[in-house]
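Right, one structure below, let's go through it.
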Amino acid sequence: MNWNKLGEVRPNQLITTYGPGAIMDALHDSVTVLDIDYWKNTGNTIVDLRLASYLGVYNFKSPQTSDWDDIPIVSFPYYHVCKHCHHLFDIRNGFDRDKYIHDKGPKCPECGWDAYPARFILACEDGHMEDFPWFWWVHNGTACAGTGRMELISTGNTSSLSEMLVKCSCGAKRTMAGAMQKENFEGLTCSGHHPHRPGARNQRCKKMVIPSQRGASNVYFPVIRSAISIPPWTDPINDIISNNLQTIEAYEADFGDIGLHKAYERYFKGRFSEDEFLKAYTRIKEKIKEFVEIKEMEYAAITHHDDLEFKRDYKYFQAEDVQVKPALKRWFSRLVKIHRLREVMVLLGFMRMEAPEPEVNEPKHICKLNKGSGKDAWLPAVEVHGEGVFIELNRDTVNAWKQNPDVNRLSEKYKQVYAEYCREKEWTLHGNRAGEYVLLHTLAHLLIKEMAMQSGYSSTALKERIYSSEKMCGILIYTGSSDKEGSLGGLVELGNWEKFIFILREALQNALTCTTDPECFMNMPQKDRINGAACHSCTMISETACENGNRMLDRALVVPVPEREELGFFRDLIGELCGIQI
């Protein structure tokens, strides 16, 4: 018996692709997953105290993955079209859930034939989404003089919108030509509707509506925060504290230090020292205010993985240093193979029409999930187990490179245009993004493109993590899967020095030219295009692999390009590795 009557979705897809607010094509309809406060059941509890502290929740929960009735949904768009009589109708009128499930999808209320969801919707930049205004469109904004029965008919043999005709029983008719142009909807404002919150009152919204097709890629962008699980945060003592945090806090509130001693004796005595308990409890209570703090903790764990503090947990984190050859210490200070890592990916909410920036502390226009409050606050998450390679650049060489007047000038340009971009988006960004970040980010992309050729993984399966600040100067390239423990081992194998040198040489040599040159290398960063010499032919990768939406890229800061030969960080290395004199 087919229990999955409406459709199937993997847990990680509910975080990255089909979360609450997204439109998902099911077997016989299109649906929207409801907000998490509508979920009756959840899967395993996932503990990551750093992310929980930063996001203001008690814990995380994975989506339930049984065979039946796991995730609540609602049919959307509401308007459907009959395949036989072309009747355009609202499925909510007289909706019968049991009949809908029995029939495995929508049926025409007039003739009983199968119906399909309409292609067109409206959305706004604040995350609202509603049906296309069919009555308004066919009547050009005037009232209907008849019964209001509508039909949607294809009049030709092409897929052009001008071949689609909306007809009303009053005699009004109009093609769909221009239905995707915002200027044709002037005077029509957003209704403030959220289909993933059925029954909720529409919000007040005066934004202009944006027409779109339901399958367009800009209808839904998940807002995700992630963290690499590292010691000492993966120490088992943290799990015990997390599971009993409410009781421990009550003990402390009522009895102070004596209460904490009582909590130690009740939960930890015999397994951990009291000093270990107090240190862990204090660390958990210190709230993380900015996302960069999480990255700094990860960076410290990776670069000091041999320290006793970070060697207590091999379940989630296991790393091995690779000796950097003296000839390359001028550019690289550390190469680390990470045999085992765990990434926790958490869904905060979503945006429409514009992809979010991952490290903005308070991004605007996010439609946040109803996470609850207090001890009941939670967000959906998945665990990703995998492997990776960490590369740290030599800080002294990077600082000397930044003193180059031409490099400094271009770096200031990036800093300026990115600040303007953030102001336009009303984003508050921690720190600045300048030449050093562009160097690290572009190098990560070039290595990912080459590693995909050598590791057996596709480029969409590899991901980057950029560590750039006054305290950090490195990149992590990693992979993994939420559907199995670990991965294939092909990526970490590329961390061996001989293989890494081969990949580095190929990546730098390929970056010297682009098939779209000279157009590509002549590009300079601008507010509406925050990239320099970068395009899909040479530098850009899948947006699932990039942590910054393919922004802030410029191969001119990595290798010499025509008219900017002095800017490349690896200019001298090109001659040694590739035998090319610039």
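No gaps in the numbering here: position 84 of the sequence shown is 83 in numbering that gives the first Met the number 0, and each next residue is one more.
Don't be surprised by glycine CBs; every beta carbon is placed ideally from N, CA and C.
Looking at the strands, I want to know which residues DSSP matches up with residue i.
| i | result |
| --- | --- |
| Val345 | Arg224 and Ala380 |
| Ile474 | Ile390 and Ile465 |
| Val557 | Paired residues: none, contrary to the question. |
| Arg333 | Glu391 |
| Thr149 | Here the sequence assigns Met to residue 149, which means Thr is not the residue at that position. DSSP lists Leu87 and Cys167 as partners of Met149. |
| Ser29 | Asp24 |
| Asp320 | Val335 |
| Ile45 | Phe59 |
| Leu409 | None, per the DSSP bridge assignment. |
| Leu552 | BP columns for Leu552 are empty, so no partner. |
| Leu340 | Gly385 |
For residue i, which of helix, strand or coil comes out of DSSP?
| i | result |
| --- | --- |
| Lys483 | Note that Lys483 has pLDDT 49, beneath the 50 cutoff, so the model's placement of it is unreliable and the number below is only indicative. If DSSP states are grouped into helix, strand and coil, Lys483 belongs with coil. |
| Val416 | helix |
| Arg173 | strand |
| Gln453 | helix |
| Ile502 | helix |
| Thr281 | helix |
| Ile540 | coil |
| Gly385 | strand |
| Ala122 | strand |
| Ile447 | helix |
| Lys374 | helix |
| Asn1 | Note on Asn1: pLDDT 43, under 50, position unreliable in the model; no value is reported. |
| Lys367 | strand |
| Thr188 | strand |
| Leu566 | coil |
| Gly196 | As written in the sequence, residue 196 is Arg, which differs from the Gly given in the question. The answer is coil: DSSP assigns Arg196 none of H, G, I, E or B. |
| Arg432 | coil |
| Leu576 | helix |
| Leu327 | helix |
| Arg422 | helix |
Locate the alpha helix (DSSP H) running through residue i, then write down its first and last residues.
| i | result |
| --- | --- |
| Ser52 | Leu48 to Leu54 |
| Met521 | No alpha helix (DSSP H) holds Met521; DSSP gives it neither H nor E. |
| Glu492 | Gly489 to Glu492 |
| Val137 | Trp133 to Val137 |
| Pro355 | Taken as a continuous stretch (DSSP letters only), Pro355 belongs to no alpha helix (DSSP H), as it is neither H nor E. |
| Leu160 | Here Leu160 belongs to no alpha helix (DSSP H), and DSSP marks it neither H nor E. |
| Leu13 | Pro10 to Thr15 |
Determine the extent of the beta strand (DSSP E) in which residue i is found, giving its start and end residues.
| i | result |
| --- | --- |
| Val291 | Note, Val291: premise wrong, no beta strand (DSSP E); alpha helix (DSSP H) at Phe290 to Thr302. |
| Gln402 | Counting along the chain, Gln402 falls outside any beta strand (DSSP E), and DSSP gives it neither H nor E. |
| Met128 | Met128 to Asp130 |
Considering only heavy atoms of the ligand PLP, does any lie closer than 7 Å to the CB of residue i?
| i | result |
| --- | --- |
| Glu492 | For the ligand PLP, the structure offers nothing, since it holds no ligand at all. |
Enumerated in chain order, which unbroken segments of the beta strand (DSSP E) with a length of 3 residues or greater are wholly contained in the region 203 to 269?
209 to 212 and 220 to 227
Cβ contact (3+ pairs, closer than 8 Å) linking the region 468 to 476 and the region 494 to 502:
no
Please determine if the region 460 to 467 and the region 433 to 447 are in contact, where contact requires at least 3 C-beta pairs separated by less than 8 Å.
yes
Taking one C-beta from the region 370 to 382 and one from the region 338 to 353 each time, how about it: are there three or more such pairs within less than 8 Å?
yes
At least three beta-carbon pairs within less than 8 Å, the region 112 to 131 to the region 78 to 94:
yes
Whole runs of the beta strand (DSSP E) within the region 56 to 120, excluding any shorter than 3 residues
58 to 60, 72 to 74, 78 to 81, 86 to 89 and 114 to 116
The region 170 to 184 in contact with the region 202 to 221 per 3-pair CB rule at 8 Å:
yes
Check whether the region 57 to 71 and the region 29 to 43 are in contact - that is, three or more C-beta pairs closer than 8 Å.
yes
Should the region 392 to 406 be called in touch with the region 321 to 330, which here means at least 3 C-beta pairs below 8 Å?
yes
Check whether the region 91 to 101 touches the region 209 to 219, taking contact to mean three or more Cβ pairs, one atom from each stretch, closer than 8 Å.
no
Under 8 Å, with one C-beta from each stretch per pair, do the region 505 to 519 and the region 406 to 421 reach the 3-pair mark?
no
Could you check whether the region 348 to 357 touches the region 241 to 252, counting it as contact only if at least three pairs of C-beta atoms, one from each stretch, sit closer than 8 Å?
no
Would you say the region 45 to 61 touches the region 288 to 298, given that touching needs at least three Cβ pairs under 8 Å?
yes
Would you check if the region 560 to 571 and the region 517 to 537 touch, i.e. whether three or more CB-CB distances between them fall below 8 Å?
yes
Three CB pairs or more closer than 8 Å across the region 522 to 540 and the region 569 to 578
no
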